[in-house]
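Below: one structure, written as C-alpha cells.
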Amino acid sequence: MVFRSPLELYPSHLFLPNFVDRPLLLAASLPRPRSPEDPAMFQLPTLSFTAEQVASVCETLEETGDIERLGRFLWSLPVAPGACDAINKHEAIQRARAVVAYHTGSFRELYHILENHKFTKESHGKLQAMWLEAHYQEAEKLRGRPLGPVDKYRVRKKFPLPRTIWDGEQKTHCFKERTRGLLREWYLQDPYPNPSKKRELAQATGLTPTQVGNWFKNRRQRDRAAAAKNRSEKALKITLYHAHNYRRVIKHKDAFCYKFALFSPRFLLINLFKKFNGLEVLFNLTLITMKRAFLIH
Numbered sequence: 001m002v003f004r005s006p007l008e009l010y011p012s013h014l015f016l017p018n019f020v021d022r023p024l025l026l027a028a029s030l031p032r033p034r035s036p037e038d039p040a041m042f043q044l045p046t047l048s049f050t051a052e053q054v055a056s057v058c059e060t061l062e063e064t065g066d067i068e069r070l071g072r073f074l075w076s077l078p079v080a081p082g083a084c085d086a087i088n089k090h091e092a093i094q095r096a097r098a099v100v101a102y103h104t105g106s107f108r109e110l111y112h113i114l115e116n117h118k119f120t121k122e123s124h125g126k127l128q129a130m131w132l133e134a135h136y137q138e139a140e141k142l143r144g145r146p147l148g149p150v151d152k153y154r155v156r157k158k159f160p161l162p163r164t165i166w167d168g169e170q171k172t173h174c175f176k177e178r179t180r181g182l183l184r185e186w187y188l189q190d191p192y193p194n195p196s197k198k199r200e201l202a203q204a205t206g207l208t209p210t211q212v213g214n215w216f217k218n219r220r221q222r223d224r225a226a227a228a229k230n231r232s233e234k235a236l237k238i239t240l241y242h243a244h245n246y247r248r249v250i251k252h253k254d255a256f257c258y259k260f261a262l263f264s265p266r267f268l269l270i271n272l273f274k275k276f277n278g279l280e281v282l283f284n285l286t287l288i289t290m291k292r293a294f295l296i297h
C-alpha cells in the first residue's frame, strides 16, 4: 500500500495561502500582538450623550428620588465632544447636581452651584428649601443642639437667599407679601370661609386648601389674643384711673374733715385719732371744745 500526503489528495489552495496573488509579508512588518497588560485591549466602546439626553435622565432619576443612581450617573457621565458647555448651562443638570450635593452633605458644592447658576422660577421653591436646610444643619452641628424658631430666623438673616434662586419678592411667615395681602382681604370679608371659598382662594394664591385653612385659623387666634390683650389693658387703665381718683377723694376728704371737724364730732374723732396720739389728742380735743363753746355762745 502506498501512503500519500494530504497535499497530494486535496488541492493546496485549501490549506495554504496563495502567495502568488499578494507579496509575502516579513515577520518584522507584521503588527505586533497586544500584551494582556495593554488597557486598550479591554476598552469598551465609548458612549456619548447630548445635553438634552443627559437632562432627560437627570429629571427622571430626580423625580423618582433615586439620588444614589443619579449621583453615579453624574460622576461617570460620558459626554460627547463639544457638549460640555451645553451641559454646564442646562438647568435640569445643574439642579440634579445640587440635589446630589445636598443629599451627600457637600454643602459647599451646593452653595457654589446655587450662587453661580441662574435658575428659573419653577425651580426656586425646591432650591430655596435646600439652601435654608443646609444652613440649618450646619448651624445645628456647630451649636450642638436643634435650632428653635428664633435661631432659624437668625440663620435666614445671616445667609439670605441668593438672587439666582429668588425673584426678589419679600416673604413673611413663609408666604409672599402679595399672597398675604390677598389672604387679608378675604379675611376682612369672611373670617370663616367655607371649603369652596378655601379652594377658590387656594387657586388664586397658589397655596393648598389646607394652608389657607391654617392661615385663617392662626389669624383668628391672633385676633382673639389681641382683643383679649386690649380688654386687659383697658381694664387696667380704668382700675388705675379709679384708684387715682380714690386717692384724690380721700385726700380732699381728710382736708374737709379737718377743716370742718368743729361741726362734725364723728369725723373729728376718726381723723384726729388717725393723725395724733397721746397728749396731742387731748390737747386738740380741749382746743376744739373751747372753740365750739365760743362759737355756740
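In full-length UniProt numbering, the protein residues as written are 1 to 297.
Think of the CB as a built atom: it goes at the ideal place given N, C-alpha and C, for glycine as much as any other residue.
Bear in mind that the values here come from a model prediction, so they are computed numbers and not experimental data.
Coil, strand or helix - residue i by DSSP
| i | result |
| --- | --- |
| F159 | coil |
| F216 | helix |
| K176 | strand |
| F49 | strand |
| L132 | helix |
| T210 | helix |
| D167 | coil |
| D190 | coil |
| T60 | helix |
| T120 | coil |
Cutoff 6 Å; reference residue i; Cβ partners in own chain excluding five residues on either side
| i | result |
| --- | --- |
| R222 | none |
| E63 | none |
| F159 | H135 |
| V212 | K198, L201 and A202 |
Residue i, enclosing alpha helix (DSSP H) - first and last residue
| i | result |
| --- | --- |
| R145 | Unbroken run through R145: none, as it is neither H nor E. |
| P195 | P195 to T205 |
| H112 | F107 to N116 |
| H103 | E91 to H103 |
| F73 | I67 to W75 |
Close Cβ partners of residue i (< 8 Å) along its chain, the five nearest in sequence each way excluded
| i | result |
| --- | --- |
| R69 | L61 |
| Y102 | L110, M130, E133 and A134 |
| E115 | P162 and T164 |
| Q53 | none |
| A27 | For A27, the predicted model reports a pLDDT of 38, less than 50, meaning its position is unreliable and no value from the coordinates is stated. |
| E59 | A92 and A96 |
| T208 | A202 |
| L127 | R95, A98, L114, F119 and I165 |
Sub-9 Å separation of residue i and residue j beta-carbons
| i | j | result |
| --- | --- | --- |
| K121 | D151 | no |
| E140 | P146 | yes |
| F216 | P191 | yes |
| F119 | R95 | yes |
| T104 | G65 | no |
| H112 | E91 | no |
| L183 | R219 | yes |
| F49 | L74 | no |
Contacting residues, own chain, Cβ-Cβ under 7 Å from residue i (five flanking each side not counted)
| i | result |
| --- | --- |
| I87 | A51, V54, V79 and I93 |
| F107 | A134 and E138 |
| F175 | none |
| I67 | V99, V100 and H103 |
| R156 | L132 |
| K89 | none |
| Y136 | L147, K152 and V155 |
| G125 | none |
Check whether the segment 189-208 and the segment 229-238 touch, using three or more Cβ-Cβ pairs below 8 Å as the test. Flag = no, the segment 189-208 and the segment 229-238 do not touch.
If we count Cβ pairs, one from each stretch, closer than 8 Å, do we get three or more for the segment 208-228 versus the segment 185-196? In this structure the segment 208-228 touches the segment 185-196; the number of beta carbon pairs closer than 8 Å is three or more.
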